[in-house]
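Going by our numbering, the sequence shown opens with residue 9, and the numbers climb by one from there. The beta carbon of each residue, even a glycine, is placed where N, CA and C say it ideally should be. Please read these numbers as outputs of a predicted model, since none were measured by experiment.
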Amino acid sequence: MRKEPLPDKVRERYRTEPTREALPIYICKGQDLEERKARLPEAVRRVMFEDGTEPAFSHPYHELKEHGIYHCRTCGSPLFGWEAKFDSGTGWPSFYAPLHPRQLDMEYDFIIGLPRVAVTCGCCGGHLGHVFEDGPKPTGLRFCMNGTALEFREEKEEE
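Structure below.
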C-alpha cells in the first residue's frame with residue numbers, strides 16, 4: 009500500500025486548538041514500543057500496524073457517551089476527550105478535535121485508490137483512522153477513528 013507524507017501546509021489545515029489547555033504533551037521516551045505491539049491482540053495489531061480497519065458499528069466506542077479520555081491502545085498517549093466526540097452516523101467513534109493536535113500525525117494513504125488523510129499516533133505511529141472535512145463546528149473536521157485503536161479511560165465528574 010502506498011503512503012506519502014502530508015505537506016506541512018496541508019497538515020496545518022488539520023491542526024486544531026487544544027480542547028484541554030492544561031493537558032501536557034505525552035512523550036514516548038523510554039517505552040519499548042515493539043514489546044507493546046507484540047502484546048496487542050491480533051485484531052488491534054492488524055488495524056494499527058497492518059493497514060486494516062474494523063467494520064462500521066462493530067465497536068462499542070462509537071456509541072459511548074461517558075466522560076473520559078480516549079488513549080492510544082498501543083502506547084497510552086491521550087488523544088481525544090469526550091467533549092469533542094459526536095455521532096457522525098458512520099459507525100466509528102468520531103471527534104471534531106484532538107486533545108492536542110501535536111499528539112497526532114497524518115499522512116496520505118491510497119488504500120482505496122484515492123488519497124485520504126490517515127491519522128496516526130504521534131508517539132508510536134499506530135494507525136488510528138482518517139480525518140475528513142465534513143465535521144461539525146467549531147472545526148469542521150471529523151476525526152473518524154477505529155475503536156480498536158483506542159482505549160477509553162473514564163473520568164469522574166466533579167460534584
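- When DSSP assignments are scanned along the stretch 103 to 150, the uninterrupted stretches of beta strand (DSSP E) that are 3 or more residues long and fall wholly within it turn out to be 112 to 117, 124 to 129 and 135 to 140.
- Contact annotation, Trp-100 with Glu-74: C-beta distance approximately 17 Å; criterion of less than 8 Å not satisfied.
- Residue pairing by DSSP puts Leu-158 in a beta bridge opposite Cys-80.
- Taking C-beta atoms as the reference points, Thr-24 and Ala-105 count as a pair closer than 8 Å.
- Residue pairing by DSSP places Met-56 opposite no residue, since no beta bridge is assigned to it.
- Put simply, the backbone Cα of Leu-149 is about 32 Å away from that of Ala-46.
- Inter-residue distance for Ser-96 and Gly-143 is about 8 Å (C-alpha atoms, whole angstroms).
- By the criterion of a C-beta distance shorter than 6 Å, Val-52 is surrounded in its chain by Arg-81 and Thr-156, once the five residues flanking it on both sides are discounted.
- Residues of the same chain with a CB within less than 6 Å of the CB of Asp-113, apart from the 5 flanking positions on each side, are Thr-128 and Gly-130 in chain order.
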